[in-house]
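Residue numbers (our numbering), protein chains in the order written: chain A, 33 to 152; chain B, 33 to 152; chain C, 33 to 152; chain D, 33 to 152. Just so you know, even glycine gets a beta-carbon here, dropped at the ideal spot from N, CA and C. Reviewing the structure listed below.
Number of protein chains: 4
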Amino acid sequence: MFAAMAETIEGLTRTIREFRDARDWKPFHGPKDMAIGIAAEAGELLQHFVWQSNEQSEQRAKERKGEIASEIADVGILLFELADNLGLNLAEIMRAKIANNELRYPVAKSRGSNKKYNEL
Amino acid sequence: MFAAMAETIEGLTRTIREFRDARDWKPFHGPKDMAIGIAAEAGELLQHFVWQSNEQSEQRAKERKGEIASEIADVGILLFELADNLGLNLAEIMRAKIANNELRYPVAKSRGSNKKYNEL
Amino acid sequence: MFAAMAETIEGLTRTIREFRDARDWKPFHGPKDMAIGIAAEAGELLQHFVWQSNEQSEQRAKERKGEIASEIADVGILLFELADNLGLNLAEIMRAKIANNELRYPVAKSRGSNKKYNEL
Amino acid sequence: MFAAMAETIEGLTRTIREFRDARDWKPFHGPKDMAIGIAAEAGELLQHFVWQSNEQSEQRAKERKGEIASEIADVGILLFELADNLGLNLAEIMRAKIANNELRYPVAKSRGSNKKYNEL
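Quick look at the structure:
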C-alpha cells in the first residue's frame, strides 16, 4: 500500500484532479457548485450529532467511525479540488491562516478559553 | 519558506495539533463541536455565492481570492484536526473514498454526466 | 380538514410545542441543538440541488415535490419552535426584518439587481 | 400595529412576495438559489454557538436576542418564499410532517429519548 503518512497534499490533489477529468466533470465544478457540495457534505457530517449530547457524540464517533470517515473524506475531496481549481495551494493557505490565528489568539490570552479573538 | 508542494498532510496536522494544545483547546474540540465548526465555516464559504450566477461566482472567486482562501483554510484546519482526533488518517480515508467513487462512477457511465451514482 | 389558508403562526407553533412536550423533548432542545438541527435540515434541502444546473433544479423541484416539501417542513418546524423557545414572536421578527430590508434595499436602487445592500 | 398573534402564514407570505416582486427579484430566486440562501442563513445562526457549551449557548441566546432573532427571520423569510414558489402551502406541509412524526415517534416509545425513529 502507499505510504499514507508521507502523503503530500499535492499528490492527493493530483489524484482527485485525475478522477474528475477522466469523467469530464470540470464543467460542473464551478466555485459556486463546489461550495454547495462542501456545505451539503458538511451537513451530512453534522447530521450524526443532531440531538446528541457531547458524551453521546463521542460514543457515536467511535461506533460510526466508518460512516463519519466517509463524510470527512467527502468534504476533504471537494475542498482539495476547490483550492486547486482556484489556483490556491491548500497547504500554503492553511499555514497562512494558522499564522494569522497565532496573532489573533496569543497563547497567554487564549489558553483554556473558548472566546473569539474579538472577545478576548 | 517551507516547500509547500511537498507538504504532507501529516506535517500540517502536527502543526494544527500543536497550535491547539498550546492553547489547551482540546476540551472544546469534541466531535460534535468540530462538526458544528466545519458546517459553520462551510456556510461562510457558501455566503460568497448567494444569489450569484455561475458566471458572477467565477468572477467573485477571482476578486475575493484572499477571503475565499481564508474560508477554505478554516474548513481545512478543522477537518484535518477532526480526522486526527478520531484516529483517522485523512489521506487514507480520502484515498479509500476515491477508490469507492471509482466503483460507483465508472468512467464509461458517468463521463460528462452530473447524475448521482444511484441514478446512472 | 383545517383551513390552512387562515392558519396562524401562533396556532402552528402551539401544535409543535404540544408535540414536543408530549415527548418530554424540551431538555434536548436548547438553542445550540436547535440551531444544529436547522442547519442539518437546511443541508438536506440543499442536497437535492448539488451539481444540478438551475434548469435541472427547477425540474427536480417539480419531480421531487413531496421530498422537498418534507425538508422545508423540517426546517420550518424547528424554526417555529426555536423562535418560541427564545420568547420571540416569529411573525413579528420576520415583519421587522422585512421592514429593515425595505430600508437596505430601496426599490429604485435594488430593482433587478442581485447586489448586496452594502454593494448597491 | 398589526395583531402579530393572529398573523397568518398566508398573510406574511403575501408581504414577502410583494417585497420581492417590487424589486423584480423572482429571476434570482430559483429553487437552487433559495436552498443556498437558506443553508447560508442557517449557517449564520449556527455561528453564534460555535465552541459554546450548552450553558453558554443559553446565555448567548439571551444576550444576543436581537441578532439571533434577525438570523431566524432571515431563514423564515426565505423558507416562506420557497414554499410559496413551489406551490406548497407551508402550514399544510408542516401539519403533514407533524402528523408523520406522530407515527414515527409514538409517545410511549419516544418519551424522554433523543433516539431517531429508526433506532427506537
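request  = Could you round the C-beta distance between C/N117 and B/Q84 to whole angstroms and report it? I think they count as a contact, below 8 Å.
outcome  = Locating residue 117 of chain C in the third sequence gives position 85, counting from the first residue. Locating residue 84 of chain B in the second sequence gives position 52, counting from the first residue. A Cβ-Cβ distance of about 34 Å is found for the pair C/N117 and B/Q84, leaving them out of contact under the 8 Å criterion.
ask   = Once you ignore the five residues that flank B/I48 on each side, which residues in its own chain have a CB closer than 7 Å to its CB?
value = For the purposes of this step, residue 48 of chain B is taken as residue 16 along the second sequence, with counting starting at 1. Cβ neighbours of B/I48 within its own chain (closer than 7 Å, five residues either side excluded): I109, F112 and E113.
request  = For D/F34, decide whether its Cβ has a neighbour in chain A, counting only Cβ atoms nearer than 8 Å.
outcome  = Translated into positions along the fourth sequence, residue 34 of chain D becomes position 2. Only weak support exists for where D/F34 lies, its pLDDT of 49 falling under 50; the coordinates are left without a value.
query = For C/K148 and chain D, any beta-carbon pair shorter than 8 Å?
reply = On the third sequence, residue 148 of chain C is found 116 positions in, with the first residue counted as 1. Output row for C/K148: interface = no.
key: Proximity below 8 Å, CB of B/V107 to CB of A/I70   = Against the second sequence, residue 107 of chain B aligns to sequence position 75. Against the first sequence, residue 70 of chain A aligns to sequence position 38. The Cβ atoms of B/V107 and A/I70 lie closer than 8 Å to each other.
inquiry  = Alpha carbons only, please: which of C/D65, C/I125 and C/D53 is nearest the one belonging to D/G98?
reply    = Here residue 98 of chain D refers to the residue found at position 66 when the fourth sequence is read from its first residue. Of C/D65, C/I125 and C/D53, the residue nearest in Cα terms is C/I125.
message = Using beta carbons (cut-off 8 Å, strictly below), is D/E99 in contact with chain C?
response = In the fourth sequence, counting from the first residue as 1, residue 99 of chain D sits at position 67. So no, D/E99 is outside the interface.
ask   = Given C/A67, which residues of its chain have a CB within under 8 Å of its CB, disregarding the five upstream and five downstream residues?
value = Translated into the one-based positions of the third sequence, residue 67 of chain C becomes position 35. Taken in chain order, the residues that qualify are L114.
message = Starting from B/Q88, trace the alpha helix (DSSP H) in both directions and tell me its first and last residue.
response = The residue you call residue 88 of chain B lines up with position 56 of the second sequence. Where B/Q88 is concerned, the enclosing alpha helix (DSSP H) stretches over N86 to E95.
query = If you follow the alpha helix (DSSP H) that B/D65 is part of, which residue opens it and which one closes it?
reply = Taking the second sequence and counting its residues from 1, the one referred to as residue 65 of chain B is at position 33. P63 to Q79 is the span of the alpha helix (DSSP H), which, as asked, contains B/D65.
ask   = When we look at the beta-carbon of A/D65 and count the other beta-carbons within 10 Å, is it buried (16 or more) or exposed?
value = Within the first sequence, numbered from 1, the residue matching residue 65 of chain A stands at position 33. Buried is the label assigned to A/D65, since at least 16 other Cβ atoms lie within 10 Å of its Cβ.
key: Contact the stretch 135-145 of chain D vs the stretch 54-63 of chain C: 3+ CB pairs below 8 Å   = Look at the beta carbons and you see the stretch 135-145 of chain D touching the stretch 54-63 of chain C: at least three pairs across the two are nearer than 8 Å.
ask   = Rounded C-beta distance between D/A72 and B/G62? I'm assuming under 8 Å.
value = Residue mapping note: residue 72 of chain D aligns to position 40 of the fourth sequence, counting from 1. Residue mapping note: residue 62 of chain B aligns to position 30 of the second sequence, counting from 1. Wrong, their Cβ atoms sit about 25 Å apart, outside the cutoff.
ask   = Going by the beta-carbon positions, is the gap between C/L44 and D/A101 smaller than 8 Å?
value = In the third sequence, the residue the question calls residue 44 of chain C occupies position 12. In the fourth sequence, the residue the question calls residue 101 of chain D occupies position 69. No, they are not a contact pair.
ask   = Where does B/L152 land, buried or exposed, given buried means 16+ other C-beta within 10 angstroms?
value = On the second sequence, residue 152 of chain B is found 120 positions in, with the first residue counted as 1. By the neighbour-count criterion, in which a residue is buried when 16 or more other Cβ atoms sit within 10 angstroms of its Cβ, B/L152 is exposed.
query = Between the C-alpha atoms of B/F60 and B/E50, what's the straight-line distance to the nearest angstrom?
reply = As a first step, residue 60 of chain B is located in the second sequence; it is residue number 28 there, counting from the start. As a first step, residue 50 of chain B is located in the second sequence; it is residue number 18 there, counting from the start. Computed Cα separation, rounded: 15 Å.
message = For a quick check, are the C-beta atoms of B/I130 and A/L120 less than 8 Å apart?
response = By one-based count along the second sequence, residue 130 of chain B stands at place 98. By one-based count along the first sequence, residue 120 of chain A stands at place 88. Going by C-beta atoms, B/I130 is not nearer than 8 Å to A/L120.
Integer-rounded CB distance, given that A/R92 should sit under 8 Å from A/F81 = Taking the first residue of the first sequence as 1, we reach residue 81 of chain A at position 49. Taking the first residue of the first sequence as 1, we reach residue 92 of chain A at position 60. With a Cβ gap of about 7 Å, A/F81 and A/R92 count as contacting.
request  = Mind listing, in chain order, the continuous alpha helix (DSSP H) runs of no fewer than 4 residues lying wholly within the stretch 106-151 of chain C?
outcome  = Inside the stretch 106-151 of chain C, DSSP marks whole alpha helix (DSSP H) runs of 4 or more residues at positions 122-136 and 139-142, from first to last along the chain.
key: Chain-ordered neighbours of D/F75 on chain B, where CB pairs are closer than 8 Å   = Taking the fourth sequence and counting its residues from 1, the one referred to as residue 75 of chain D is at position 43. It should be noted that the sequence gives Gly, not Phe, for residue 75 of chain D. Under the 8 Å cutoff, chain B gives A71, A72, A74, G75, E76, L78 and Q79.
request  = Starting from D/R55, follow the alpha helix (DSSP H) in both directions and report where the run begins and ends.
outcome  = As a working mapping, residue 55 of chain D is identified with position 23 in the fourth sequence. Bounds of any alpha helix (DSSP H) do not take in D/R55, whose DSSP letter is neither H nor E.
inquiry  = So if I threshold CB-CB distances at 8 Å, which residues from the stretch 50-66 of chain B count as touching chain D?
reply    = So the list reads F60 and D65, given in the order they occur along the chain.
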